[in-house]
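There are 2 protein chains.
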Amino acid sequence: MTTVSKVSESQVEFPEQQRRASMTVGRTLLDAVHAVRLEVSNVCAGRGVCGKCRVVVTSGSEFVSPPTDLERMSLSETDIKEGFRIACCARITAAGPIGIQIPPESLTEAHQLLIAGIQPRVELKPILEKYFISLPQASLTDFCPDLERLVDALEARGNLSLLRPGYSALKELPEAIRKGQWNVTVTVTDEGLITWIDAGRTDDRLYGFAVDVGTTKLAAYLVDLRSGIVLGKASMTNPQIPYGADVISRIAYVSKGHEELHELQRKVVDATNTLIQECCAQAAVDPKEIFQVVIVGNTAMHHIFLGIAPKYVARAPYPAVLRSSFQTYASEVGVTANPGCLLSALPCVAGFVGADAIADILATEIHKSQLLELLVDIGTNTEIVIGDQRRLVSCSSPSGPAFEGAQIKHGMRAETGAIERIWIDPATLDAEYSTIGGVKPRGLCGSAVIDAVASMRRTGILDLKGMIVPNTDSKRVRSQSGPTEYVVAWKEETQTGRDIVITQRDMEEIKLAKAAVHSGIIILAKHLKVQVEDITRVFVAGAFGTYVDPYSARTIGMYPNIPLSRISFVGNTAGSGARMALISKEKFLEAQKIAEKLEYLELAADPDFQKEFVNSLYIPHKHATKQARQ
Amino acid sequence: MTTVSKVSESQVEFPEQQRRASMTVGRTLLDAVHAVRLEVSNVCAGRGVCGKCRVVVTSGSEFVSPPTDLERMSLSETDIKEGFRIACCARITAAGPIGIQIPPESLTEAHQLLIAGIQPRVELKPILEKYFISLPQASLTDFCPDLERLVDALEARGNLSLLRPGYSALKELPEAIRKGQWNVTVTVTDEGLITWIDAGRTDDRLYGFAVDVGTTKLAAYLVDLRSGIVLGKASMTNPQIPYGADVISRIAYVSKGHEELHELQRKVVDATNTLIQECCAQAAVDPKEIFQVVIVGNTAMHHIFLGIAPKYVARAPYPAVLRSSFQTYASEVGVTANPGCLLSALPCVAGFVGADAIADILATEIHKSQLLELLVDIGTNTEIVIGDQRRLVSCSSPSGPAFEGAQIKHGMRAETGAIERIWIDPATLDAEYSTIGGVKPRGLCGSAVIDAVASMRRTGILDLKGMIVPNTDSKRVRSQSGPTEYVVAWKEETQTGRDIVITQRDMEEIKLAKAAVHSGIIILAKHLKVQVEDITRVFVAGAFGTYVDPYSARTIGMYPNIPLSRISFVGNTAGSGARMALISKEKFLEAQKIAEKLEYLELAADPDFQKEFVNSLYIPHKHATKQARQ
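Quick mapping for you: the protein sequence lines, in order, are chains R and W.
The opening residue of the first sequence carries number 15 in our numbering; numbering runs sequentially from there.
The opening residue of the second sequence carries number 15 in our numbering; numbering runs sequentially from there.
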């Protein structure tokens, strides 16, 4: 039996993603895509009609069914000759190895991820420099050791001192000198540490890598340190997700013991290595040409990446292990780049204000602003920073996963079939919506929930307290089948065949989430003795913030009551800040200064927090009527 | 058959040496000792009468024959109760596991090795210090990160600055703080690198380890860095020997590729780890309490230990890879001590003047002498240093293995049965001799060969050119059976049943060896423009030098023609220098200064070398007659 089962299985390989799956004969290539946890556009839900799930069979086409008529409707003859197939139509017909490539346009948006972010102009001056140097050849009258020969030659240039070799560089030294026939290229930090020695002339190639380690996603950038240009970008789901979607459950897991910590460290480091491979392939760079890797991430991700137990980060009073930047060799952490590659981690401030927030500040330059500014990076924990060049205060507010569609009755991630925007007609109280992928709706993603709450408040469906007001005039407001709810989409319109609704219970979740953000802003403003209305600019960082309608967000009180023109969506500034620290030693040092300057307020310890939180449970907030700007 | 054979075999284990052997029933425990390549005193050659090969059966005595009457002549009842046995008498009687311990006095001198060496008084001030510190506990109003909390508390002591954590220390930090309930002991280098953090108070325990990595033997010392006292000593054969007895063949082996280099590095590092275990067991110290390891060795051994390819060390112009001291984490090299343990390698000067010579100088303090001094460390390569506090010159002379008994017709290592001293009666030309272990002779070790040559020269058996002069008056000088030879021991006196002789051919080997040393000294003296007669002190370092009769050595011209009272035997000063660098940062830095100051003369490049070498082939040398002091 075992033999039969083996024989009727094909190995389906996705070389670009370095993944493979065993698939039984009869399954589709789409099944194989899902088996390796990739997502392709698939608007028609596998019925072969939308033609979005295009893949290329690069090898083993003899083990795949011939193109169907349905496929020929979406593919040209040239496409077919080049191996293009509609993944949901192409079936495995016999056991044998099959190679599959997924064109970028077929990958879903969720897998494309927001990897851009604003980045101020930075003078290119990385921590590392490469020097090409010709050495005098050793002879029986000049038997100076290799290292001293090299150091003497480098020092003769006049701009280097305190030179000393890293261990990897030292081991490479004798061979590099002979291979390069006494011509070598030396990689040196601005503090004189020789991190690597190449045979011959390679000073035109110096690369760095920046990674934003998010709880959910990793975003990575390959940067040419000779020009500052980003040569490759890649992102992937954080492979730690199976160990817990949020930081708290991951901290709980790694706190079980050294092995568990090492296991999750291994996961994220392996993922980083995969991203290095991907980005390097994009730019024809060898990973060995990467000489510095900069990482940012929230405190827990940062600590786990470095193998530092974040156990106490999750326990009051939530201290981080370090507020300093930290630098070591990438190889010590398991990152595979040049053997002498440095790994630089930006500093963390507290348990829940991490290196990502520092990178956000670096990129948005709040710390240099003459006017009062606010930075909000919305997530399961929302980091908030208020201040200007004189003073900066930060906090982390536990906004929970409601914004990401979790704990919402019909909530879902921002995937195909998710309603992403909602408008309610104030006269009829009817809803209009748009979905991701333009297909029939399956549920509501975070931005839609915020739109719904805002529209419901504006149209009077919700009262100030966020209670759904009974209304017999509209069929959409109903309470017969349990708690009061508002129907966003009727079952006839949905994929699921059921009404998509927002319930009073959902409302409570959203109120808790937005109250966390709102009260955090209020407490920080009080602490700084400023009025939120005086905030001249709000930077909304991160993917979620970018997708949320600012008008709706302000309506529900998530953002301060200020003109929308003051709100800037800055994208993944954590990644931007990491890149800035990579291409500029000055920015790397500035990050350290920001961490030292940035005050941290533990909301739980603030005497006003309880009251402000309760006030913030109103929509937009308890004292809103006098000053509402809607 | 296989089963039967298995059943009739015992596993004999030597836990202290971490060795084991499968022995068939019927074999003796002495066979088992030999099977694991250990050597015990065995003067009677296994006949059970000398009682020297005492071992202790620690387990499995039921698988060993009961004590014989012969054994009872050497062992008391108490001995027998305690498990003592005479290894050559005790036989394995049945298959089963047997544990054996070898008392130190039973091990042969060859395995005891010279691990003492002179050591000047040194002020105890190691590179590392431990600080016990109580930290203010974190609270909701004091959530300073762990590291900054620690650094602040340490800096408040006033004597520390520029504090920064090593990676291992950082990873240990959060757990150590909580486990110690906010009391920790921090290990810090004098430059502010935090290498480790212990929970609670451990500042009374700080240990270091010094290793002299010889081509043939490793000698190791566990040192209490709180008192400077040596707590444990151990030595073992360099496990690289199967890859070549001399440095040149080892360099040839590791030059084949990275794998071979890594293989030999692994061997010597594993041996070091075994020595750490042994020394720690002697002193009830945990290897994790070792915070610094200092290594010395000749350039090839030093490079291989560090995994640095010594390929070019063996090729003209024989450059070392580095003349600097080098420090990294012991874990990077594979040495198992504290995770933050530092590994410090003393500097090398040239391909054949290595860290061991620097350590010799550190221990003999030639570099501080106001008068002219000479250091000679005799081996396959003999390192020679001449000078004083103003100037020091060194060279390495390829004296070859003749001094160690190799390439000598009846030569052997300094083991039981080797003739070690020889006296020739000037009247009768008859020889008297003594052997190691006082048994019948089997051959000649290096010191005997030098004695023989010296006596033969003094008695006229040899002429100035080192030729055996035909002499029909003595039966001992003969040439009938081939080249001319001198009979040291008649076959009736020997274990082998054959005459033990010194041949004219042996003479040529010895002349080459001693000429290498002699001409090296002459060339260095010329280079310094001094007379060898003005040398006020000769330090003879290393085990071989200690065993050689200085009168004989001077007679043959191996040592300069100076009063014997000026010759000091200083033992293993390489080990002493390593210990000095371990207990004193100042000495570690001094080693670097010595390496920078020490001039190196490449003999092969010196225009006078050829001539001086040829002159030195005379005994004692060509122009000796005018000035001989014999």
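Cβ atoms here follow ideal geometry from the backbone N, Cα and C, with glycine treated the same way.
Given the structure is predicted, the values throughout are model-derived calculations rather than measurements.
Could you check whether residue j and residue i sit closer than 8 Å to each other, using their CB atoms as the reference points?
| i | j | result |
| --- | --- | --- |
| K601 of chain R | A595 of chain R | yes |
| A527 of chain W | F623 of chain W | no |
| E397 of chain W | A323 of chain R | no |
| Q341 of chain R | G222 of chain R | no |
| I290 of chain R | A359 of chain R | no |
| G194 of chain W | A213 of chain W | yes |
| I191 of chain R | V198 of chain R | yes |
| I433 of chain W | I514 of chain W | yes |
| A619 of chain W | L154 of chain R | yes |
| V552 of chain R | I524 of chain R | no |
| G228 of chain R | G311 of chain R | yes |
| A183 of chain W | W210 of chain W | yes |
| P29 of chain R | G113 of chain R | yes |
| R264 of chain W | A314 of chain W | yes |
Looking only at its own chain, which residues have a Cβ that is under 8 Å from the Cβ of residue i, when we skip the five neighbours before and after it?
| i | result |
| --- | --- |
| E23 of chain W | S36, M37, T38, V39, A109 |
| I597 of chain R | V136, L138, K139, P140, G222, V237, L239, G242 |
| E379 of chain W | P134 |
| L617 of chain W | C409, S410, S411, S533, G534, I537, F623 |
| M470 of chain W | I438, L476, I482, Y500, I516 |
| M15 of chain R | Confidence at M15 of chain R is low in this model, with a pLDDT of 35, below 50, so the placement of that residue should be treated as unreliable; the coordinate-derived value is given next. For M15 of chain R, where only same-chain residues beyond five positions count, there are no Cβ hits under 8 Å. |
| R280 of chain R | G348 |
| K640 of chain W | Residue placement at K640 of chain W is flagged as unreliable, the pLDDT there being 45, under the threshold of 50; a coordinate-derived value is accordingly withheld. |
Would you list the one or two residues that DSSP bridges to residue i?
| i | result |
| --- | --- |
| G113 of chain R | R:E27, R:S73 |
| K247 of chain W | W:Y235 |
| E387 of chain W | W:G401, W:R551 |
| L458 of chain W | W:G425, W:I433 |
| G131 of chain R | R:G585 |
| N197 of chain R | R:S148 |
| Y632 of chain W | Its beta-bridge partners do not exist; DSSP assigns none. |
| F14 of chain R | An answer regarding residue 14 of chain R cannot be provided, because it is not within the stretch 15 to 644 covered by chain R. |
| K139 of chain R | R:S598 |
Starting from the C-beta of residue i, find all residues in its chain whose C-beta is less than 6 Å away, skip the five residues before and the five after it, and write them out in chain order.
| i | result |
| --- | --- |
| S630 of chain W | A529, H532, S533 |
| S269 of chain R | K325 |
| R33 of chain W | V50 |
| D520 of chain R | I422, K423 |
| S493 of chain W | none |
| A462 of chain R | I433, E434, I436 |
| L245 of chain W | L236, D238, A297 |
Leaving out five residues on either side along the sequence, give the residues of the same chain with a beta carbon under 7 Å from the beta carbon of residue i.
| i | result |
| --- | --- |
| I129 of chain W | In this predicted model, I129 of chain W has a pLDDT of only 43, less than 50, meaning its place in the structure is not dependable enough to derive any value. |
| L542 of chain R | I400, G401, R405, V407 |
| P117 of chain W | R68, V70 |
| D374 of chain W | L389, D391, A555, T587, A588, G591 |
| D160 of chain R | L187, P188, I191 |
Of all Cβ atoms in chain C, is any one closer than 8 Å to the Cβ of residue i?
| i | result |
| --- | --- |
| E346 of chain R | The chain inventory of the structure shown lacks chain C, comprising the protein chains R and W. |
With a threshold of 7 Å (Cβ to nearest heavy atom), would residue i be considered close to the ligand FAD?
| i | result |
| --- | --- |
| I208 of chain R | This structure lacks the ligand FAD; in fact it carries no ligand of any kind. |
(request) Below 8 Å between beta carbons is the criterion; list the residues of the segment 520-554 of chain W that meet it against any residue of chain R, in chain order. (result) none
(request) Determine which residues of the segment 599-618 of chain R have a Cβ less than 8 Å from any Cβ of chain W, and write them out in chain order. (result) Y614, E616, A618
(request) Taking a Cβ distance cut-off of 9 Å, strictly less, list which residues of the segment 153-164 of chain W are near chain R, in chain order. (result) S153, L154, T155, D156, F157, C158, P159, D160, L161, E162, R163
(request) Select from the segment 320-337 of chain R all residues with a C-beta closer than 7 Å to any C-beta belonging to chain W, and list them in chain order. (result) G321, I322, A323, K325, Y326, A330, P331, Y332, P333, A334, V335, L336, R337
(message) Taking beta-carbon pairs under 7 Å, can you tell me which members of the segment 172-187 of chain W lie near chain R?
(response) So the list reads Y181, L184, K185, L187, given in the order they occur along the chain.
(request) Could you name the residues of the segment 363-376 of chain R whose beta carbon sits closer than 9 Å to any beta carbon of chain W, in the order they occur along the chain? (result) V363, A364, G365
(message) Residues of the segment 190-215 of chain R in Cβ contact with chain W at a cutoff of 9 Å, in chain order, please.
(response) I191, R192
(request) Would you list, in chain order, the members of the segment 277-303 of chain W that have their beta-carbon closer than 7 Å to a beta-carbon of chain R? (result) none
(request) Please specify which runs of the beta strand (DSSP E), each continuous and at least 3 residues long, are wholly inside the segment 561-614 of chain W, giving them in chain order. (result) Fully enclosed beta strand (DSSP E) runs of 3 or longer: 581-585.
(request) Entirely within the segment 481-541 of chain R and at least 3 residues each: give me those beta strand (DSSP E) ranges in chain order. (result) 499-503, 514-517
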